[in-house]
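Remarks on the structure that follows.
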Amino acid sequence: MALLDGEAYRQANFASTAWSLRDVGGLNASLHKNMVGFRRPATEAEKLEVARTQARNDHIHASLMELRNDTATNAGVKAALEVMHAAYVDRFGKLLEGIRREAETGNFTMDAQRFYDESQPALGTVVTVRDAFYANADEVLAAAYAGARNSLLIALTALAVVIGVSGAVIVVVRRWVTGPIVQLTERMTKLAAGDVASAIPSTERGDEIGAMARTVVVFRDAALDKARMEQEAEEARVKAARERLSAQEEAINAEREMVSRSIGAGMARLAEKDLTFRLTDDLPEAYAQLQSDFNTAMGELEQALLSVVSSGGAISGSSQEITRSADDLSKRTEQQAASLEETAAALDEITATGKKAAEGAEHARDVVATAKVDAEKARVVVRSTVEAMGGIEKSAQQINQIIGVIDEIAFQTNLLALNAGVEAARAGDAGRGFAVVASEVRALAQRSAEAAKEIKGLISTSTTQVAEGVDLVAATGTALERILEQVNEINSAVVDIAAGAKEQATGLQEVNTAINQMDQTTQQNAAMVEETTAASHALAQEAAQLSEMIALFKLSGARGGGNVTPLRSAPRAAARPAAKTAPARTASAAQRQPEPAAQGDWEDF
-3 MALLDGEAYR
7 QANFASTAWS
17 LRDVGGLNAS
27 LHKNMVGFRR
37 PATEAEKLEV
47 ARTQARNDHI
57 HASLMELRND
67 TATNAGVKAA
77 LEVMHAAYVD
87 RFGKLLEGIR
97 REAETGNFTM
107 DAQRFYDESQ
117 PALGTVVTVR
127 DAFYANADEV
137 LAAAYAGARN
147 SLLIALTALA
157 VVIGVSGAVI
167 VVVRRWVTGP
177 IVQLTERMTK
187 LAAGDVASAI
197 PSTERGDEIG
207 AMARTVVVFR
217 DAALDKARME
227 QEAEEARVKA
237 ARERLSAQEE
247 AINAEREMVS
257 RSIGAGMARL
267 AEKDLTFRLT
277 DDLPEAYAQL
287 QSDFNTAMGE
297 LEQALLSVVS
307 SGGAISGSSQ
317 EITRSADDLS
327 KRTEQQAASL
337 EETAAALDEI
347 TATGKKAAEG
357 AEHARDVVAT
367 AKVDAEKARV
377 VVRSTVEAMG
387 GIEKSAQQIN
397 QIIGVIDEIA
407 FQTNLLALNA
417 GVEAARAGDA
427 GRGFAVVASE
437 VRALAQRSAE
447 AAKEIKGLIS
457 TSTTQVAEGV
467 DLVAATGTAL
477 ERILEQVNEI
487 NSAVVDIAAG
497 AKEQATGLQE
507 VNTAINQMDQ
517 TTQQNAAMVE
527 ETTAASHALA
537 QEAAQLSEMI
547 ALFKLSGARG
557 GGNVTPLRSA
567 PRAAARPAAK
577 TAPARTASAA
587 QRQPEPAAQG
597 DWEDF
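In terms of my numbering, the sequence shown opens at residue -3 and continues consecutively.
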């Protein structure tokens, strides 16, 4: 019986070893399935974990394969080992080896579901080996039970001869042999059903029944060891998954912080009106397009303002040229002042025309002032447009954060789904954990829905802000159109002034023939003064506004409006000598000409 007890213990240990191979093989298959599911090259940490698990798997498998050459091994066990070797090594082993090769590049020839389907038959053969060991152990116990039964029959035969002690022997047998055997049989039935908590009776006995009871204890301990090893394997798998998630989350946060810092620096420089800034940091590949678009936009904006600087320089040069012409004209007018004294009488008759010209000039100044106000409004509109663009940028940053949360949730959901598949494959009592995994999947799905809802709201806000920016740009265009219309009014006023000059020329024709040539020169100078003065004022206003706007920006090769030279006021002509007393004019001439205006009005204009 001692030999039978030792053999039963060996068979129970072999069954426990086979089940350990099933657990380790399942964990190994789960690791390979995760690599297939990721669809990317395996990391060094994943390779190391797979190598450790594979080495443990090979060690357990080799210890079982040694039993094939053992003459004491049961024929049924040998057959089960042969089947397992063919499926577990020739097919399943080659399948795992192929997955590890493909994990070097990330180009997998099958998906996770197909790998799962092809790996399950091999794992099922391990269960067959375990059952074969248990069956062999049952045979050993049955032999022990048969020996005990034979002993009982011999005892009963002896008791039949000894009639006097037969009753006592029967009572003893029922109490010390049959009863314990029945109890032991019932306990073995419960153990087979999964009850490992109840105590094993008769283990303290030193006879065959005690040996049988201790053998049952071996089976119970093997079941407890199996449950413990399953729990340890599950804890190791969960720990490894958490470590992978933590490493990936840290990498994502580092990339996000780097991009936010670079974009924030660019937006700060843009807010300071520095258009020379460019994103030079090497951003992650996912943000390369964003970096290129930002640098392109800054370059285009800088080129546009450089063009404005060039135009401002041209305007400044033109203004200076006009100023020089006005100065030259003023000098010629001074030279003719002496001759104009003799024309005082005629000038009295055309003073009214000069007054009308002064009124036109006043109107021109009012129009220019209105144009300046509209230009200020256009500047406010542009500033509002920049603020709206800043709001759009903030919304885009929030969208990036929410998308990061959704990515993390999707990744965790994928891992939970994979783990649920492994849990379901194990079935049995361990299948009760599937409900917990399913609950986690539903919770993560709810979080994904909420994040998507927030994204929708932010996109709606960004759309509204873009619409506001479009409206502001349209308002800027309207203001510029108004400025153009007012410039046209200035031109009309200048035309009126020219008409007044023609009326003055008509009056001057009545002056002495000796000053006809001087009169013609004066008319030409007056027309030039009118046109030059109007153009000088308009250009001065535009050049000043352009200088103020460009000076706010920092550009490559230029500092805002630093190249635009402000216009200087032309020096006034020398005071004219007092006009001679004009001769009396006819009534018709007095009616034809307006009243004379003060001489200072013309000089102010």
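Glycine included, each C-beta is placed from N, C-alpha and C at the ideal position.
Anticipated Cβ contact below 8 angstroms, residue i with residue j, distance rounded
i    : j    : result
T49  : M80  : Actually they are not in contact, since the Cβ atoms of T49 and M80 sit about 18 angstroms apart, beyond 8 angstroms.
R6   : V123 : R6 to V123, Cβ: 20 angstroms. No contact.
T13  : L60  : 6 angstroms
S321 : T517 : With a Cβ gap of about 15 angstroms, S321 and T517 do not count as contacting.
L301 : F549 : 6 angstroms
I546 : G308 : 6 angstroms
V603 : A58  : Nothing in the structure corresponds to residue 603, since the chain is present only between -3 and 601.
E298 : L271 : 4 angstroms
A229 : L23  : 5 angstroms
R478 : D370 : 5 angstroms
G94  : R35  : Their Cβ separation, rounded to whole angstroms, is 16 angstroms, which puts G94 and R35 out of contact at 8 angstroms.
I388 : A447 : About 20 angstroms separates the two Cβ atoms, so there is no contact after all.
Q408 : L241 : 7 angstroms
Own chain partners of residue i with C-beta closer than 8 angstroms, once the 5 adjacent residues on each side are dropped
i    : result
A282 : E251
A571 : The predicted position of A571 is uncertain, since its pLDDT is 42 and thus under 50; a value taken from the coordinates is nonetheless stated next. Excluding positions up to five away in sequence, the list is empty.
P280 : E251, M254 and V255
E135 : N70
Residues bridged to residue i (per DSSP)
i    : result
K550 : D270
Same chain only: Cβ atoms within 7 angstroms of residue i, ignoring 5 sequence neighbours per side
i    : result
E538 : I311
L275 : S258, G262, Q287, F290 and N291
E42  : M31
A236 : E45
R87  : A118
Q394 : L454
D127 : none
S315 : S532, L535, A536, A539 and L563
A99  : M31, P37 and A38
M225 : S16 and D19
Three-way DSSP call (helix, strand, coil) for residue i in this model
i    : result
R87  : helix
G102 : coil
I311 : helix
N70  : coil
G21  : helix
E485 : helix
E93  : helix
I451 : helix
D467 : helix
D278 : coil
R210 : helix
R233 : helix
D203 : coil
A14  : helix
D370 : helix
T39  : coil
A195 : coil
D107 : coil
A250 : helix
A189 : coil
V560 : Any reading at V560 is ruled out, since the residue's pLDDT is 39, under 50, leaving its predicted position unreliable.
Same chain, Cβ closer than 6 angstroms to residue i, five either side skipped, listed in chain order
i    : result
F111 : K29 and V32
E464 : A384
F10  : F129
A8   : A133, V214, F215 and A218
A108 : K29, V32 and G33
V377 : L468, A471 and T472
A25  : S115
G72  : A128
I318 : T528, A531 and S532
I405 : L440, R443 and S444
(Q) Under 8 angstroms, with one C-beta from each stretch per pair, do the region 210 to 222 and the region 231 to 250 reach the 3-pair mark? (A) no
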